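A.B. asks: Going by the working numbering, the first residue of the sequence shown is number 10, and it counts up by one from there. In this text, a Cβ means the ideal position worked out from N, Cα and C, and glycines have one as well. Small disclaimer: the values here were computed from a predicted structure and weren't measured. Take a look at the following structure, please.
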Amino acid sequence: MSKSSTSDRRLRAPTLEGILWQLAQVFWVGGLWVFHVGLVPALKVSGLAPLLVQDVAVQIDRWLIGVAAVGLLTQLAVLARLQGTAAWWRSFSGQMLLVGFTACVGYYTLRYGISVGERWQMFCFVILGISGIVLAAQPVPTRAREPRR
10 MSKSSTSDRR
20 LRAPTLEGIL
30 WQLAQVFWVG
40 GLWVFHVGLV
50 PALKVSGLAP
60 LLVQDVAVQI
70 DRWLIGVAAV
80 GLLTQLAVLA
90 RLQGTAAWWR
100 SFSGQMLLVG
110 FTACVGYYTL
120 RYGISVGERW
130 QMFCFVILGI
140 SGIVLAAQPV
150 PTRAREPRR
C-alpha cells in the first residue's frame, strides 16, 4: 500500500514541543554565539577601552550562561515529555543537553564557589557553545511511537 501525502513527515504541522525546542535553542545558542562572535569583537574594534570591553563581556557572560541554563532546562523538559526521562541518557541530543547543563553548573561553581580563574570559566563557556552547535545540527525530537499490537 502506498502512503498518503498527509502521512509524510515533512508535511506535518510543527508541534508545540517542536516549536518550544527550537525557540529555546535559538535564544541560548544564538545568544552565546552572536555575543562572542559578533558583539565583543565589534566592541574591541570600535575603540572602547580594553578594560571596559572586558568588563562588559564578563557582566554579560553571567546572564548568557543563565539564559543558556533556562534554555537547556526547557529542552530537557521537552525531551522528557516527548520521549521520557530515559531519553536524556539514551539519545545523543539528551546527552548533549546534559553536557551543556553541566557546563553551566560548572561555570557558576567556578565563578562563585571555587573562584579559580577565568580560564576554567572560559573552558565551560566553550564546552557550552560547542554542545549548542552540535545540538543545532540534530533534528528536533518527536514523540516516541507507540508499539503496534
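(1) With distances taken from CA atoms, which of 71, 149, 58, 130 is nearest residue 103?
(2) Exposed or buried, what is residue 141 when buried is set at 16 or more other beta-carbons lying within 10 Å of its beta-carbon?
(3) With a threshold of 16 other CB atoms inside 10 Å of the CB of residue 70, please say whether the residue is buried or exposed.
(4) What does the alpha-carbon distance come out to for the pair residue 106 and residue 75?
(5) Please go through the same chain and pick out, in chain order, the residues whose beta-carbon is closer than 6 Å to the beta-carbon of residue 108, but skip the five residues on each side of it.
(6) Between 83, 66, 58, which lies nearest to residue 130 when the distance is taken from Cα to Cα?
C.D. replies: If we stick to the structure as given:
(1) When each option's Cα is compared against that of residue 103, the closest is 149.
(2) Buried: at least 16 other Cβ atoms inside 10 Å.
(3) Residue 70 is classed as buried because its beta carbon has at least 16 other beta carbons within 10 Å across all chains shown.
(4) Roughly 15 Å separates the two Cα atoms.
(5) Residues 140 of the same chain have their beta carbon placed closer than 6 Å to that of residue 108, with the five preceding and five following residues left out of the count.
(6) The residue with the shortest Cα to Cα distance from residue 130 is 66.
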